[in-house]
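**Q** After the structure tokens below, expect a handful of questions from me.
Set out below in structure tokens:
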């Protein structure tokens, strides 16, 4: 072989090496650019006033503790969920968000239970963000240990304070669903205003005395299980005899005191209906001293609490209570149609039909077995 040929071959070889080197450098730059993009963050303030760095675009989350998964579904962000708590696996009609999304969510890996984080399981999934209704200390510890951002929201137990507004706002920003968040807040405000406007002008002396029994808290209760500041009644400015004790939470009211107060309208939560019937059977003579029972003014309520507040049920309960207590002011309301509207807005389907199929609907009930 001639020197020229060898020189040509050598030159070509050098050229190929240079081209490969440039190509590799180019690839390296592309990878580095990709890595930089992955590390783009924004800062979000959670309900504990913690400044949390989260990915610019959140693509995967896990939800821990009360309300985090519920409000995630309200924000229509359930597609981001990659793992659920053990207590969310069983399909439960008392948790509409769970019942409707169960077929999809129940197949996901288990990452905790009732607020307890299964740390190793979360690390396996490596979600972009952990959403939790935790206090500051618990959130800080989990974030430090797992090196995954933890965004906290408040537990929403009623619609009297701004906790629900804060929860919706934080999650709207986290999921970049600000429009949905704005619609949720506006819709709740519109309904609260409507309920109040219909009833605020009624004079106190013209309002019937009302009582709600069978309210569940720390277990099920019979007639004595009630609640002061019960949202469906407070929202329509009703005279709830349970409020007179100066309390602001669920409690047991002495049955003799209920008889003494003599409510004109009695509501019974389905959760405690069977126990309420047992109470009635044991002492019919005592209960027959209540005007509501004598006049067949006993009506249903569908429990709006299960591990805190189901917003849609609280609102539909209020409309039904309004129709019973103020028939003229709520004459235009068809409870089945109003429920359908509310459920469709929060849940994406008419959940009232599901409730009816499971033996729960709004109407008159009997304490007779």
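Residue numbers (this note's numbering): 1247 to 1615.
Beta carbons: idealized from backbone N, C-alpha and C, even for Gly.
(1) Could you check which residue in 1536, 1327, 1402 and 1358 has the C-alpha nearest to that of residue 1313?
(2) Below 6 Å CB to CB, which residues in the same chain sit around residue 1493 once its five sequence neighbours on both sides are set aside?
(3) Counting Cβ pairs, one atom from each stretch, are 3 or more of them under 8 Å apart for the stretch 1357-1364 and the stretch 1572-1591?
(4) Any idea if residue 1319 is buried or exposed, counting beta-carbon neighbours within 10 angstroms, 16 or more meaning buried?
(5) Below 8 Å on the Cβ atoms is my guess for residue 1604 versus residue 1339; work out the distance and round it to an integer in Å.
(6) Along the chain, where does the beta strand (DSSP E) containing residue 1496 start, and where does it finish?
(7) For residue 1443, which of 1431, 1484 and 1498 has the nearest alpha-carbon?
(8) For residue 1302 versus residue 1286, is the C-beta spacing smaller than 7 Å?
(9) Classify residue 1602 as buried or exposed, calling it buried when 16 or more other Cβ atoms lie within 10 Å of its own Cβ.
(10) My understanding is that residue 1371 touches residue 1355, with C-beta atoms under 8 Å, so please give their C-beta distance in whole angstroms.
(11) How far does the beta strand (DSSP E) with residue 1405 in it extend, from its first residue to its last?
(12) Evaluate residue 1415 with the Cβ neighbour count: other Cβ atoms within 10 Å of its Cβ, from every protein chain shown; 16 or more gives buried, anything less gives exposed.
(13) Scan the stretch 1299-1331 and note each continuous alpha helix (DSSP H) run of 4 residues or more that stays entirely inside, going in chain order.
(14) Can you tell me which of 1569, 1560 and 1557 puts its alpha carbon nearest to the alpha carbon of residue 1545?
(15) Mind checking which residues open and close the alpha helix (DSSP H) that includes residue 1477?
(16) Would you call residue 1498 buried or exposed, if buried means 16 or more other Cβ atoms sit within 10 Å of its Cβ?
(17) Do the CB positions of residue 1509 and residue 1456 come within less than 7 Å of each other?
(18) Run through DSSP, which three-state label would residue 1472 get?
(19) Check whether the Cβ atoms of residue 1300 and residue 1315 sit closer than 7 Å, and answer yes or no.
(20) Can you name, in chain order, every residue of its own chain whose Cβ lies under 6 Å from the Cβ of residue 1410, other than the five neighbours on each side?
(21) Please name the residue in 1610, 1382 and 1391 whose C-alpha comes closest to that of residue 1399.
(22) Terminal residues of the continuous beta strand (DSSP E) containing residue 1514?
(23) Count the other C-beta atoms from every protein chain shown that fall within 10 angstroms of the C-beta of residue 1619, then say buried if there are 16 or more, exposed otherwise.
(24) Can you give, in chain order, each stretch of the alpha helix (DSSP H) that sits fully within the stretch 1520-1555 and has at least 4 residues?
(25) If you run the structure through DSSP and keep just helix, strand and coil, what is residue 1505?
(26) Would you kindly work out how many angstroms separate the C-alpha atoms of residue 1598 and residue 1562, rounded to a whole number?
(27) Could you spell out where the beta strand (DSSP E) holding residue 1358 opens and where it closes?
(28) Check the C-beta distance from residue 1548 over to residue 1516 and give it rounded, since I have them as a contact under 8 Å.
(29) In the structure shown, what three-state DSSP assignment does residue 1443 receive?
(30) Which one or two residues does DSSP pair with residue 1287 in a beta bridge?
(31) For the stretch 1583-1613, list the alpha helix (DSSP H) runs that are entirely contained and at least 4 residues long, ordered along the chain.
(32) Ends of the beta strand (DSSP E) at residue 1385?
(33) Output the distance between the C-alpha atoms of residue 1512 and residue 1609, rounded to the nearest integer angstrom.
(34) Between which two residues does the alpha helix (DSSP H) holding residue 1571 run?
(35) Judging by CA-CA distance, which residue of 1542, 1505 and 1550 is the nearest neighbour of residue 1529?
(36) Measuring straight from C-alpha to C-alpha, what distance separates residue 1393 and residue 1352?
**A** Checking against the coordinates, here is how it stands:
(1) By 1-based counting over the chain shown, the position of residue 1313 is 67. The residue with the shortest Cα to Cα distance from residue 1313 is 1402.
(2) Taking the first residue of the chain shown as position 1, residue 1493 is located at position 247. Closer than 6 Å at Cβ, skipping near neighbours: 1474.
(3) no
(4) Here residue 1319 corresponds to residue number 73 of the chain shown, with the count starting at 1. Residue 1319 is buried by the Cβ-count criterion.
(5) Residue mapping note: residue 1604 aligns to position 358 of the chain shown, counting from 1. Residue mapping note: residue 1339 aligns to position 93 of the chain shown, counting from 1. The pair is a contact, with the Cβ atoms about 5 Å apart (cut-off 8 Å).
(6) On the chain shown, position 250 is the one that residue 1496 refers to. Where residue 1496 is concerned, the enclosing beta strand (DSSP E) stretches over 1496-1498.
(7) Against the chain shown, residue 1443 aligns to sequence position 197. With distances taken between CA atoms, residue 1443 lies nearest to 1484 out of 1431, 1484 and 1498.
(8) The residue labelled residue 1302 in the question sits at position 56 within the chain shown. The residue labelled residue 1286 in the question sits at position 40 within the chain shown. Result yes, Cβ atoms of residue 1302 and residue 1286 sit closer than 7 Å.
(9) In the chain shown, counting from the first residue as 1, residue 1602 sits at position 356. With fewer than 16 Cβ atoms within 10 Å of its Cβ, residue 1602 is classed as exposed.
(10) The residue given as residue 1371 occupies position 125 in the chain shown. The residue given as residue 1355 occupies position 109 in the chain shown. Yes, they are in contact, since the Cβ atoms of residue 1371 and residue 1355 sit about 6 Å apart, within 8 Å.
(11) If you number the chain shown from 1, residue 1405 lands on position 159. Careful: residue 1405 lies outside any beta strand (DSSP E) and carries neither H nor E.
(12) As a first step, residue 1415 must be located in the chain shown, where it is residue number 169. Buried: at least 16 other Cβ atoms inside 10 Å.
(13) 1314-1320
(14) If you number the chain shown from 1, residue 1545 lands on position 299. Closest option to residue 1545, Cα to Cα, is 1569.
(15) For the purposes of this step, residue 1477 is identified with residue 231 of the chain shown, where counting begins at 1. Segment 1477-1480, the alpha helix (DSSP H) holding residue 1477.
(16) Start at 1 with the first residue of the chain shown, and residue 1498 comes out as number 252. Exposed, because fewer than 16 other Cβ atoms sit within 10 Å of the Cβ of residue 1498.
(17) Position 263 of the chain shown holds residue 1509. Position 210 of the chain shown holds residue 1456. A contact, by the Cβ cut-off of 7 Å.
(18) Taking the first residue of the chain shown as 1, we reach residue 1472 at position 226. In the structure shown, residue 1472 sits in a strand (DSSP, three-state: E or B).
(19) Position 54 of the chain shown holds residue 1300. Position 69 of the chain shown holds residue 1315. No, they are not a contact pair.
(20) Locating residue 1410 in the chain shown gives position 164, counting from the first residue. Within the same chain, residue 1410 has close Cβ partners 1402.
(21) By one-based count along the chain shown, residue 1399 stands at place 153. The option with the nearest alpha carbon to residue 1399 is 1382.
(22) Residue mapping note: residue 1514 aligns to position 268 of the chain shown, counting from 1. 1511-1515 is the span of the beta strand (DSSP E), which, as asked, contains residue 1514.
(23) Residue 1619 cannot be examined here, being either before or after the span of the chain that is shown, 1247 to 1615.
(24) Within the stretch 1520-1555, the complete alpha helix (DSSP H) runs of at least 4 residues are 1530-1533 and 1537-1540.
(25) Position 259 of the chain shown, counted from the start, is the residue given in the question as residue 1505. It is helical.
(26) Residue mapping note: residue 1598 aligns to position 352 of the chain shown, counting from 1. Residue mapping note: residue 1562 aligns to position 316 of the chain shown, counting from 1. Approximately 10 Å between the Cα atoms of the pair.
(27) Position 112 of the chain shown, counted from the first residue, corresponds to residue 1358. First-last of the beta strand (DSSP E) with residue 1358: 1356-1359.
(28) Along the chain shown, one-based indexing puts residue 1548 at 302. Along the chain shown, one-based indexing puts residue 1516 at 270. Indeed, because the Cβ distance is near 6 Å, the residues count as touching under 8 Å.
(29) The count along the chain shown starts at 1 and reaches residue 1443 at position 197. Helix, per DSSP.
(30) Here residue 1287 is taken as the residue at index 41 of the chain shown, counted from 1. DSSP output for residue 1287 lists 1301 as bridge partner(s).
(31) If only uninterrupted alpha helix (DSSP H) runs of at least 4 residues are considered, those enclosed by the stretch 1583-1613 are 1597-1603.
(32) Locating residue 1385 in the chain shown gives position 139, counting from the first residue. First-last for residue 1385: 1382-1392, but that is the alpha helix (DSSP H), not the beta strand (DSSP E).
(33) Start at 1 with the first residue of the chain shown, and residue 1512 comes out as number 266. Start at 1 with the first residue of the chain shown, and residue 1609 comes out as number 363. Spanning the two alpha carbons is a distance of roughly 12 Å.
(34) Indexing the chain shown from 1 puts residue 1571 at position 325. Residue 1571 -> alpha helix (DSSP H) spans 1557-1571.
(35) As a working mapping, residue 1529 is identified with position 283 in the chain shown. Looking at the Cα atoms, 1505 is the closest of the given residues.
(36) As a working note, residue 1393 is residue 147 in the chain shown. As a working note, residue 1352 is residue 106 in the chain shown. Approximately 26 Å, taken between the alpha carbons.
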